[in-house]
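The structure under discussion appears below in the form of structure tokens.
Protein chains in written order, with the working numbering: chain Y, 1 to 268; chain U, 1 to 246; chain F, 1 to 576.
Below, the structure written as structure tokens:
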């Protein structure tokens with residue numbers, strides 16, 4: 001029985017580890033500025049936890065086999081513990097866990113304690129059951145006013161976000177269902193939600209932030225690789241949660257400008 | 001309760017000699033009592049311990065309501081029309097006179113409750129003496145303090161109901177603004193718990209009518225009394241919160 | 001509610017007083033156990049439907065028909081709620097704790113037997129109410145067991161968010177009250193009813209775990225009750241605690257200025273201690289069983305006690321780690337993150353000590369021991385995904401993905417359950433006077449161990465690849481559709497593993513009537529429940545008050561007559 005246990009525990013451990021190490025299913029390609037550090041911190045945590053996982057599970061398996069009860073076994077050693085050992089492994093664990101955490105906080109701080117750089121591209125993201133809308137402020141650089149009274153989700157576009165077309169600042173606002181971003185530029189995102197909590201998640205950009213009704217949350221990111229990346233909603237928002245997805249197109253500055261100009265032209 | 005401090009050596013030698021190991025101090029008394037009857041002292045201690053747990057729980061309910069109060073009071077929300085964050089706490093025109101009368105009622109009821117508690121404690125303490133021939137213990141007063149407390153408590157509840165009615169007349173309902181929501185929520189939660197206290201008071205009164213042993217009655221009255229005092233303290237707290245943290 | 005007379009003077013007569021409204025903690029414990037057993041089968045069935053739907057969305061299930069996306073969300077909401085409350089908070093504490101706490105400390109019953117009976121029946125009413133949610137108009141809610149407003153606060157925000165959601169909240173509120181009554185009883189009993197010689201530091205670790213769990217419950221459930229009341233008010237009386245101005249399906253709702261984050265703070269202030277409530281008794285049982293079947297004292301008894309106390313204490317300070325992405329202040333996130341790493345330390349200490357207990361032991365592989373060993377393995381696996389989630393910067397990628405689902409299932413959904421299996425196989429002889437079948441127990445163990453790993457380990461891969469949770473259909477999003485093979489594997493594993501649980505149930509009921517009769521102490525264990533008859537008499541010790549001379553885990557004492565010294569043994573002398 002001890003042998004069977006050891007074999008089963010070892011097999012489970014080694015098979016699980018294989019798929020982790022082989023990266024059969026892994027983080028998607030990182031296409032944003034933050035990806036470098038996030039992936040690095042992930043890898044460090046991964047290696048450390050992986051070592052502990054292997055040591056603990058393989059150790060457990062070995063111990064239950066080696067110290068199984070049988071005629072030839074030594075009597076069980078009568079021991080209530082070892083205070084020195086307790087202190088040593090407690091201290092080491094504390095240093096490891098807290099140290100790991102402090103290392104990760106640097107990027108958290110730079111991402112979230114500071115606002116976007118000046119000159120960032122402003123985009124407003126609005127989540128509603130069950131679609132994402134994106135608003136660009138246009139040449140005047142100001143978002144026009146919106147009003148709940150003007151919201152009509154079934155009409156899509158400007159009406160969905162309740163754009164107040166009487167407001168002069170709103171005249172050049174562009175509202176789309178797809179998101180275009182210029183590569184290598186800082187993006188200043190404002191996240192809003194109209195009805196329930198949603199969450200704007202783009203795995204490839206290593207970006208996630210809940211969109212909460214009643215709040216206008218500012219976040220910033222910088223995409224670094226041209227491409228198309230799927231957006232998914234990452235907070236249960238109702239029956240259509242699974243199909244509340246969209247697409248981010250990260251394009252060159254030129255292509256971005258052209259796209260914006262085309263949208264402006266459509267408005268006329 | 002002292003803990004048993006183990007020595008590091010395993011002493012041998014006593015095992016075969018029929019002597020038993022010394023029982024260390026510590027460990028509890030399970031209140032099983034002895035042949036002379038149930039151990040009321042232990043039961044009182046146990047009941048009080050249970051009450052402390054109940055008080056801790058009710059306190060946590062009010063702690064969480066207070067934290068919701070503070071958060072909601074300070075919370076700005078994004079107003080689309082002005083594109084800015086605004087506060088909407090509002091205010092409530094509280095019927096101070098009524099509330100002060102209610103507070104006095106409750107505080108007086110705490111005093112009468114304490115009189116009831118001490119009287120039955122004295123009776124319980126002196127009960128063993130009654131069986132000694134020739135001894136007479138003085139008569140206790142006849143005022144039914146428990147009943148008076150219940151009436152005052154009931155008066156408080158009626159007063160609270162009148163206060164709610166007055167608030168309605170002044171146009172403040174539970175959903176008028178966040179301030180009024182909390183006024184109703186806090187006072188109603190307190191009133192519900194106080195009503196529970198009144199039920200306990202009635203039960204305590206019934207133990208007298210059903211002629212339970214005075215030591216057992218003492219436990220019921222004691223627990224009810226401490227709960228009642230807690231209700232008074234809680235009310236002072238709610239009153240102060242609504243009054244000063246407007 | 002102190003009993004007026006000694007309730008132990010006479011055992012109750014009559015079916016109703018003996019089995020329905022019993023005041024005997026042993027009967028009440030068994031009632032809780034069977035309530036939890038019913039709940040776990042309901043919860044498992046719901047999860048089976050979920051897993052089938054994920055892989056075969058168009059399947060026509062007998063009696064159910066098609067599972068719609070909103071039905072899937074209802075299944076997952078009720079699965080989570082039923083499992084967390086009616087299984088994980090009920091069986092370890094209300095079931096085994098009720099039965100064995102008084103006996104293990106040498107008491108004749110709980111401090112307040114009437115309150116005990118009431119707390120069971122209140123829990124039962126709560127269960128009836130939540131099951132009723134399935135059958136009302138609109139059905140059960142779909143807002144997840146976490147019930148975040150505005151989705152849970154606005155009746156038109158989704159199907160099931162009408163009466164179903166009100167019943168859900170009501171059931172939870174009733175459950176809060178039941179738990180608070182139970183917690184009060186456990187704390188008073190532990191502090192005030194220990195037999196002579198049973199000092200705090202001689203209590204079995206199971207008793208410590210039930211005691212600390214009760215303290216957590218006492219302080220946490222009141223907050224959930226408040227949160228629920230505020231939600232009921234928002235839903236039904238037009239207040240705006242949680243709901244700001246929202247527009248649902250084009251309609252402006254009548255709320256203004258509320259904060260969805262307020263609910264999250266209140267809920268998780270309860271919710272985090274709740275998960276420790278779910279796991280601590282399992283840890284206690286693991287310690288108890290590992291020591292018994294290793295024939296060795298638990299390694300570091302004091303450290304184990306301090307570790308559980310720290311886990312309880314820190315458990316109240318880490319709730320914000322569920323909210324890193326919520327819009328909460330990033331500075332708070334940092335603070336919560338450091339505290340969360342701190343709580344990993346006592347958990348690690350316990351794991352080292354369990355391994356230390358088996359080091360240089362003589363392990364006997366009876367079924368309870370298999371489950372205790374499985375517990376350690378699962379606790380390690382589930383625990384090590386914690387440090388990923390505790391770092392906000394990694395949580396950006398992993399929050400609301402299957403990585404989190406895998407993490408909490410390995411700990412709560414498997415390790416805690418293994419704790420309950422270990423407890424069942426261990427204490428079954430004492431409770432029912434018969435032994436459960438060993439070979440079938442082993443088969444159940446191995447299939448369940450491998451099966452649960454097969455279900456929940458792949459969730460980590462899914463999460464790392466961006467696999468979001470609470471999605472009823474993975475085919476809509478391109479990159480999610482590529483992850484379907486993982487879902488298929490997990491569903492097959494789930495079908496097999498759920499099937500294997502019938503082996504356990506059959507073993508349980510068969511052995512109750514036909515199992516070989518058990519002696520008073522079949523495991524040669526030391527704690528007080530093994531000093532009394534099997535099953536114990538009405539007052540637990542047959543009129544004799546136990547006197548305790550030893551600590552709870554005196555196995556392999558050099559110079560002792562046998563390889564175990566019972567706690568009440570007056571003849572042998574040991575240092576503890």
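Just so it is clear, CB atoms sit at the ideal spot from N, CA and C, and this is done for glycine as well. Remember, predicted model here, so these are calculated numbers, not experimental data.
Query: So, for residue 545 of chain F: in the same chain, excluding its five sequence neighbours on each side, which residues have a beta-carbon less than 8 Å away from its beta-carbon?; Result: 106, 195, 196
Query: Residue 218 of chain U by DSSP, collapsed to three states: which one?; Result: helix
Query: Does the segment 174-191 of chain U come close enough to the segment 128-141 of chain U to have 3 or more Cβ pairs within less than 8 Å?; Result: no
Query: So residue 500 of chain F and residue 282 of chain F are supposed to be a Cβ contact under 8 Å. How far apart are they, rounded?; Result: The Cβ separation is near 20 Å, so there is no contact.
Query: In the DSSP assignment, what residue or residues form a beta bridge with residue 51 of chain F?; Result: The partner list for residue 51 of chain F (beta bridge, DSSP) is empty, contrary to what the question assumes.
Query: Helix, strand or coil for residue 148 of chain F per DSSP?; Result: coil
Query: I want to know whether the segment 369-380 of chain F touches the segment 305-315 of chain F - three or more CB-CB distances under 8 Å.; Result: no
Query: Give me the Cβ distance between residue 115 of chain F and residue 167 of chain F, rounded to the nearest whole Å; I'm assuming they're in contact under 8 Å.; Result: In fact, because the Cβ distance is near 26 Å, the residues do not count as touching under 8 Å.
Query: Can you give me the start and stop residues for the alpha helix (DSSP H) that residue 270 of chain Y sits inside?; Result: Residue 270 of chain Y lies beyond the stretch modelled for chain Y, which goes from 1 to 268, so this question has no answer here.
Query: Report yes if the C-beta distance between residue 101 of chain F and residue 207 of chain F is below 8 Å; otherwise report no.; Result: yes
Query: Which whole-angstrom value describes the C-beta separation of residue 110 of chain U and residue 228 of chain U, a residue pair presumed to lie in contact below a C-beta threshold of 8 Å?; Result: 6 Å
Query: Identify each residue in the segment 356-373 of chain F for which the Cβ-Cβ distance to at least one residue of chain U is less than 7 Å, and report them in chain order.; Result: none
Query: Say whether chain F places a C-beta atom closer than 8 Å to the C-beta of residue 231 of chain U.; Result: no
Query: List the residues that DSSP assigns as beta-bridge partners of residue 246 of chain Y.; Result: Y:231
Query: With the cut-off set at 8 Å, would you say residue 37 of chain F and residue 474 of chain F are in Cβ contact?; Result: no
Query: Can you list, in chain order, the residues of the segment 76-101 of chain Y whose Cβ is nearer than 7 Å to any Cβ on chain U?; Result: none
Query: Comparing C-alpha positions only, which one of F:112, F:219, F:141 sits nearest to residue 188 of chain F?; Result: F:112
Query: Tell me which residues share the same chain as residue 517 of chain F and place their Cβ nearer than 7 Å to its Cβ, disregarding the 5 neighbours each side in the sequence.; Result: 433, 434
Query: Let me know the secondary structure DSSP gives residue 125 of chain Y once reduced to three states.; Result: strand
Query: Compute the Euclidean distance between the alpha carbons of residue 219 of chain Y and residue 46 of chain Y, then round it to the nearest angstrom.; Result: 27 Å
Query: State the Cα-Cα distance for the pair residue 147 of chain Y and residue 163 of chain Y, rounded to the nearest angstrom.; Result: 7 Å
Query: Keeping to the same chain, check which residues put their C-beta closer than 6 Å to that of residue 292 of chain F; ignore five residues upstream and five downstream.; Result: 523, 525
Query: Locate the alpha helix (DSSP H) running through residue 337 of chain F, then write down its first and last residues.; Result: 330-358
Query: Please name the residue, chosen from F:150, F:268, F:279, that lies closest to residue 248 of chain F on a Cα-to-Cα basis.; Result: F:150
Query: Quick one: which unbroken alpha helix (DSSP H) runs of 4-plus residues sit fully inside the segment 458-527 of chain F? Chain order, please.; Result: 478-481, 484-514
Query: With DSSP as the reference, identify every bridge partner of residue 76 of chain U, one or two as the case may be.; Result: U:87
Query: Less than 8 Å between the beta carbons of residue 192 of chain Y and residue 396 of chain F, yes or no?; Result: no
Query: Under three-state DSSP, which class holds residue 206 of chain Y?; Result: coil
Query: Does the beta-carbon of residue 72 of chain Y have 16 or more other beta-carbons within 10 angstroms, so that it is buried, or is it exposed?; Result: exposed
Query: Residue 84 of chain Y to residue 188 of chain Y, Cα distance in whole Å?; Result: 53 Å
Query: Quick one: is residue 70 of chain F buried, meaning 16 or more other Cβ sit within 10 Å of its Cβ, or exposed?; Result: buried
Query: So, is the C-beta of residue 179 of chain Y closer than 8 Å to a C-beta in chain F?; Result: no
Query: Between which two residues does the alpha helix (DSSP H) holding residue 371 of chain F run?; Result: 367-384
Query: Mark residue 165 of chain Y as exposed unless 16 or more other C-beta atoms lie within 10 angstroms of its C-beta, in which case mark it buried.; Result: exposed
Query: If you draw a straight line from the alpha carbon of residue 31 of chain U to that of residue 39 of chain U, how long is it in whole angstroms?; Result: Here residue 31 of chain U scores only 49 on pLDDT, less than 50, and its place in the model should not be relied on; the value that follows carries that caveat. If I take the Cα positions, the gap works out to 6 Å.
Query: Considering only the beta carbon of each residue, do residue 272 of chain F and residue 210 of chain F sit closer than 8 Å?; Result: no
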